[in-house]
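Structure first, commentary second.
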Amino acid sequence: MSEEFVLDVRDLRTSFLTNKGVVRAVNGVDIAVPPGKIVGLVGESGCGKSMTAKSVMGLVPYPGRVESGSIRLDGRELVGLKDKELRKICGNDVSMIFQEPMTSLNPVLKVGRQVREVLLKHKKAKDKDDAKSQVLEMFERVGIPEAGQRYDAYPHELSGGLRQRVMIAMAMVCHPKLLIADEPTTALDVTIEAQILDLMKKLCEEEGMSVLIITHNMGVVAEICDYVYVMYAGRIVESAPVFDLFDHTEHPYTRGLLLSIPRMTGNPEFLSTIPGVVPNMLHLKEGCAFSNRCAHASDRCRRETPGIAEVREGHACRCFLHEQKGC
Amino acid sequence: MAKKLDNIPKTSGRAPVTDESGHGEPPSTEEERKHIEDLAAEIGEADGPKEKLIRLCRQNPLAAISAAVILAVIILAILAPAIAPYKEAEQNLKARLSPPSAEHLLGTDELGRDVFTRILYGARVSLVIGIIPSAISLFIGIILGLAAGYFGGFVDYLIMRLADVMLSFPSLLLCMVIMYTLGRYANSILCMFAALALVGWASVSRVVRSQTLSLKETEYVEAAKSIGVSKGKIMFRHILPNCIPSIIVLYTLNVPSCILSESTLSFLGIGVQPPAASWGLMVNQSKQFLFSSPWLALAPAIAIMVVVLAFNFLGDGLRDVLDPYLQKQ
Chain C
8 MSEEFVLDVR DLRTSFLTNK GVVRAVNGVD IAVPPGKIVG LVGESGCGKS MTAKSVMGLV
68 PYPGRVESGS IRLDGRELVG LKDKELRKIC GNDVSMIFQE PMTSLNPVLK VGRQVREVLL
128 KHKKAKDKDD AKSQVLEMFE RVGIPEAGQR YDAYPHELSG GLRQRVMIAM AMVCHPKLLI
188 ADEPTTALDV TIEAQILDLM KKLCEEEGMS VLIITHNMGV VAEICDYVYV MYAGRIVESA
248 PVFDLFDHTE HPYTRGLLLS IPRMTGNPEF LSTIPGVVPN MLHLKEGCAF SNRCAHASDR
308 CRRETPGIAE VREGHACRCF LHEQKGC
Chain D
257 MAKKLDNIPK TSGRAPVTDE SGHGEPPSTE EERKHIEDLA AEIGEADGPK EKLIRLCRQN
317 PLAAISAAVI LAVIILAILA PAIAPYKEAE QNLKARLSPP SAEHLLGTDE LGRDVFTRIL
377 YGARVSLVIG IIPSAISLFI GIILGLAAGY FGGFVDYLIM RLADVMLSFP SLLLCMVIMY
437 TLGRYANSIL CMFAALALVG WASVSRVVRS QTLSLKETEY VEAAKSIGVS KGKIMFRHIL
497 PNCIPSIIVL YTLNVPSCIL SESTLSFLGI GVQPPAASWG LMVNQSKQFL FSSPWLALAP
557 AIAIMVVVLA FNFLGDGLRD VLDPYLQKQ
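Line by line, the protein sequences are chains C and D. Reading the first sequence from the start, the letters are residues 8 to 334 in our numbering. Reading the second sequence from the start, the letters are residues 257 to 585 in our numbering.
Okay, here's the thing in C-alpha cells:
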C-alpha cells in the first residue's frame with residue numbers, strides 16, 4: 008500500500024513542550040505524495056504546514072518533537088530513525104527548498120562550493136572536479152546564466168531569483184525522489200515567481216520526481232499542483248485533486264480561502280476575508296477548530312471534532328455539513 | 257566609500273553638458289570610455305593581485321602602515337644577531353648610562369649594555385609571547401565555544417561555568433601562580449605560554465559561543481542540515497567562517513594584551529629572567545634611573561606601545577578586508 012506513494016505520512020503528531028503547555032503544531036496529519044506528482048499543502052500562517060515538512064526532514068527545532076505517527080519515504084520509515092541515518096537520506100532521497108533565498112545560503116561561502124558539498128557528502132561525485140562539473144550542469148539546467156562565473160560568486164552577489172535557482176540546484180543535484188518546497192516563491196516578485204514555478208514543473212517532469220509544495224498562495228496551487236491538501240490548526244481539513252478543489256469546494260475554510268483572493272472583477276473596495284483569527288494553538292478547545300470563524304457552525308461543531316470523510320472519489324473533507332448532506 | 261560618493265555628482269553633473277550641445281547625443285566616446293575605465297578601476301574588475309593590494313592599502317592606510325610596522329619588527333627580531341651592533345649581554349662598564357650617541361644609538365644601561373641591541377633581542381621575546389599564546393588560547397576558545405554554542409545543554413553549562421571561573425579570577429594573579437608552580441619544572445617562557453593561553457581562552461569561547469548560538473538558528477544552517485551535512489562540518493564549515501571577523505578582532509586584541517602581560521610579569525620580576533632581554537624587563541630595570549637616564553625606560557616603552565597599537569589597527573583593518581560583504585561593495 009505505502010509503496011504506491013513516494014511519501015506517505017500517517018497520523019503525524021508533532022508537539023512543542025513549552026513552559027505554558029503543549030502546543031500541538033501538527034495534530035494527526037495524513038499526506039500521500041504519489042510518484043511524479045506535485046502535491047500542494049495550503050494553509051494560513053501558523054497552521055503547521057512548515058512543521059509538517061520539518062518533521063519529514065527531521066528538522067523540528069527544540070523543544071518540539073515528533074510524538075507519534077509514521078513517515079514513510081519510498082517505503083522506508085523515517086520516524087525513529089537515528090540522526091545519522093536520517094542525514095544520509097536527507098539531501099539524497101529527499102531535499103528541501105526554503106522560503107527565504109536571502110538567508111538560506113551561507114553568506115561566507117561561494118555558492119558553487121555549497122552546492123558541491125551535497126554531492127561530496129552523499130558520495131555522488133568521484134572527486135571535486137567531477138562534483139564541479141555536475142554542479143555546473145545543474146546550474147545550466149536551472150537556468151543560471153554564466154554558470155561558470157556564478158560558481159565562484161558569494162550569495163550576496165546574486166539576485167533573489169538567482170539565489171532561489173541556486174537553492175533549487177542544491178536540492179536537485181543528487182536527483183532526489185521527493186522535493187519539499189517550503190513557500191519557495193513567497194520572497195520573490197511575481198514575474199520571478201512564475202519563472203521559478205515553471206522551472207520546478209519542468210524539472211519535476213524531466214526527473215520523474217515528486218514535489219510537496221507548501222504555500223499559502225492559491226494561485227501557486229492552481230498553477231502547478233496535481234493534488235491539494237488544505238491544513239487548518241494542525242489538521243488536514245480538505246484534500247482533493249486540484250480542479251475538483253477549485254470547482255467543488257467542500258470545506259467552509261477552503262471556500263473562505265478561495266474567496267479571499269483579490270479579483271480584478273467585482274467590488275475593488277471590498278476584499279473578502281475570513282472573519283476572526285486562527286485559534287490559539289495552546290488552548291485548542293473541543294470541537295472543530297474552525298467553528299469560531301465558520302458561518303455554518305452549529306452547536307455540534309463546537310462540541311465534537313469532525314472526522315475526515317471522503318465526499319467523493321479522491322476528495323475528502325473534515326466537516327459535519329457533508330454528513331448531513333449524506334454524501 | 258567617499259570615493260564612490262564623489263562619482264554621483266560627476267555623472268549627474270555631466271548630464272546637462274550633453275543637453276547644452278543641443279543634440280542630446282552621448283558625450284564623446286573617449287570621455288565615456290575613460291569614465292567607464294575609472295569606474296571599473298574603482299570596482300576592481302581590471303585588477304590583478306598587485307593592484308588589489310595597492311587599492312586595499314589606499315583604502316585603509318592605517319592598517320597598511322601597521323602591517324608594515326609589524327613586518328619590520330618581525331624581520332628585525334629574526335635578524336637581531338646580524339643587525340645588532342653589540343652582543344645581547346655585552347657589557348662596557350666604562351660607558352655606563354651613556355646617553356644616545358652615534359656609538360650607542362639608544363644609549364646604554366647601568367651595566368653598559370647597548371639599549372638598541374637589547375631592544376632588538378627583546379622584540380623576539382615580545383613577539384613570540386604575543387603571537388603564540390594568543391594562538392593557543394584562540395584555538396582552545398574556538399573549539400570550546402563552538403561546542404558550547406552548538407550542543408547547548410549540559411556541555412554548554414559545563415564549559416561556560418569553567419569560563420566564568422577563569423574570567424572571575426584576577427588574570428595577573430593566575431599567571432603569577434601558574435608561573436610560580438610551573439617555574440620549577442620548565443623554562444620561564446614556556447611557563448608564560450601556558451599561563452597566558454590558560455587565561456585567554458575564556459573570553460574567546462564566550463564570543464564564539466554567542467555567535468554560534470545565533471548562527472545555528474539561521475536558515476542556511478538548517479538548509480545544510482536538510483541536505484545531510486554532519487554536525488562537525490556544520491560547525492567548522494558553516495558556523496566558524498561566519499565568526500571569523502570577530503575572531504580576528506579578538507586575536508589582534510589578544511596579541512597586544514599578551515605582550516602587555518609579559519611586560520607586566522617581567523616588570524614584576526617573574527617573567528623573563530636576566531640576562532635575557534625583554535621589553536618589560538628593560539622597563540623594570542630602568543625604573544631607578546627614570547629621571548637621570550630617561551632613555552632607558554622610554555625606548556622599550558615606546559617599542560611596546562608601537563607594536564601594541566600596530567596590532568590593534570591591523571585587526572580593525574583585517575576585519576574590514578575579510579568581510580565578504582564589504583569586500584566587493
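We put the CB at the ideal spot given by N, CA and C, even for glycine.
- Message: If contact is defined by three or more beta carbon pairs under 8 Å, each pair taking one atom from either stretch, is the region 211-224 of chain C in contact with the region 126-145 of chain C?
- Response: Touching, no, given that fewer than three Cβ pairs across the two stretches are closer than 8 Å.
- Given that a residue counts as buried once 16 or more other Cβ atoms are within 10 Å of its Cβ, and exposed if not, what is L389(D)? In the sequence under discussion, the amino acid at residue 389(D) is Pro, which differs from the Leu named in the question. Around the beta carbon of P389(D), a 10 Å sphere encloses 16 or more other beta carbons of the protein chains shown; the residue is thus reported as buried.
- What residue does the alpha helix (DSSP H) around F105(C) start on, and which one ends it? No alpha helix (DSSP H) holds F105(C); DSSP gives it neither H nor E.
- Are any of the Cβ atoms in chain D nearer than 8 Å to that of R172(C)? Cβ-Cβ to chain D under 8 Å: no for R172(C).
- Query: Mind checking if E478(D) is an interface residue toward chain C, Cβ cutoff 8 Å exclusive?
  - Reply: Closer than 8 Å to some Cβ of chain C, the Cβ of E478(D) qualifies, so yes.
- Would you kindly check if the distance between the Cβ of V227(C) and the Cβ of L204(C) is under 8 Å? Yes, these two residues count as a Cβ contact at 8 Å.
- Give the range of the alpha helix (DSSP H) segment to which S22(C) is assigned. Careful: S22(C) lies outside any alpha helix (DSSP H), inside the beta strand (DSSP E) at L14 to T25.
- Message: Could you check whether the Cβ of G401(D) sits closer than 8 Å to any Cβ belonging to chain C?
- Response: Closer than 8 Å: no.
- Message: Cβ closer than 7 Å: which chain C residues qualify as neighbours of T474(D)?
- Response: Within 7 Å Cβ-Cβ: T110.
- Message: Against chain D, which members of the region 263-292 of chain C pass a CB distance test of less than 7 Å?
- Response: Those residues of the region 263-292 of chain C that come within reach of chain D (Cβ to Cβ, closer than 7 Å) do not exist; the list is empty.
- Task: Could you pull the start and end residues of the alpha helix (DSSP H) that Y370(C) belongs to?
- Result: Residue 370(C) lies beyond the stretch modelled for chain C, which goes from 8 to 334, so this question has no answer here.
- Item | Neighbour flag for H182(C) against chain D, beta carbons, 8 Å | No, because no Cβ of chain D sits closer than 8 Å to the Cβ of H182(C).
- Contact list for S482(D) against chain C, beta-carbon separation under 7 Å: The answer, in chain order, is M64, L66, C97, G98, S102 and M103.
- Item | chain D contact residues for M177(C), given Cβ-Cβ distances below 9 Å | Counting only Cβ-Cβ distances below 9 Å, M177(C) has contacts in chain D at A479 and I483, in chain order.
- Query: Rounded C-beta distance between I396(D) and V464(D)? I'm assuming under 8 Å.
  - Reply: Wrong, their Cβ atoms sit about 11 Å apart, outside the cutoff.
- Item | Contacting residues, own chain, Cβ-Cβ under 7 Å from P313(C) (five flanking each side not counted) | A distance below 7 Å between beta-carbons, with the five flanking residues on each side excluded, links P313(C) to the following residues of its chain, in chain order: C295, R325, C326 and F327.
- At a Cβ cut of 7 Å, what residues of the region 113-132 of chain C count as close to chain D, listed as they run along the chain? So the close ones are N113, P114, V115, L116, E124, V125, K128 and H129.
- Residues of the region 494-515 of chain D with Cβ closer than 8 Å to any Cβ of chain C, in chain order: Cβ contacts with chain C come from H494, P497, N498 and I500.
- Beta-carbon contacts of L383(D) that lie in its chain and below 6 Å, excluding the five residues immediately before and after: Here L383(D) has A333 as same chain residues with Cβ atoms under 6 Å from its own Cβ, once five neighbours each way along the sequence are excluded.
- Quick one: Cα of V310(D) to Cα of V325(D), how far? For the record, residue 310(D) in the displayed sequence is Ile; it is not Val. CA-CA distance, I310(D) to V325(D), rounds to 17 Å.
- Item | Continuous alpha helix (DSSP H) assignments of at least 4 residues falling wholly in the region 43-99 of chain C | Correct list: 56-64 and 90-96.
- Message: Between G333(C) and chain D, is the shortest Cβ-Cβ distance under 8 Å, so that the two count as touching?
- Response: Caution applies to G333(C), whose pLDDT of 46 falls short of 50 and renders its modelled position unreliable; the value that the coordinates give is listed next. No, G333(C) does not count as interfacial toward chain D.
- Determine contact between the region 159-172 of chain C and the region 117-127 of chain C, defined as no fewer than three beta-carbon pairs at a distance below 8 Å. Contact check between the region 159-172 of chain C and the region 117-127 of chain C: three or more CB pairs, one atom from each, fall below 8 Å, which counts as touching.
- Assuming M174(C) contacts L210(C) (C-beta within less than 8 Å), just tell me the rounded distance between them. In this structure M174(C) is not in contact with L210(C), their Cβ atoms being roughly 13 Å apart against a cut-off of 8 Å.
- Neighbour list for S486(D) in chain C, Cβ cutoff strictly below 9 Å: Those are K91, R94 and K128, listed as they occur along chain C.
- Item | Contacts around A340(D), its chain only, beta-carbon distance under 6 Å, and the 5 residues preceding and following it disregarded | Same-chain partners within the cutoff: T373 and L376.
- Item | Under 9 Å by beta carbon: chain D residues contacting E213(C) | Neighbours of E213(C) on chain D: none; closest Cβ ~21 Å, over 9 Å.
- Message: Does the contact criterion of 3 or more C-beta pairs under 8 Å hold for the region 246-255 of chain C versus the region 229-237 of chain C?
- Response: Taking a contact to require three or more Cβ pairs closer than 8 Å, the region 246-255 of chain C and the region 229-237 of chain C qualify as touching.
- DSSP bridge partner residues for R319(C) (one or two, in chain order): Answer is H322(C), bridged to R319(C).
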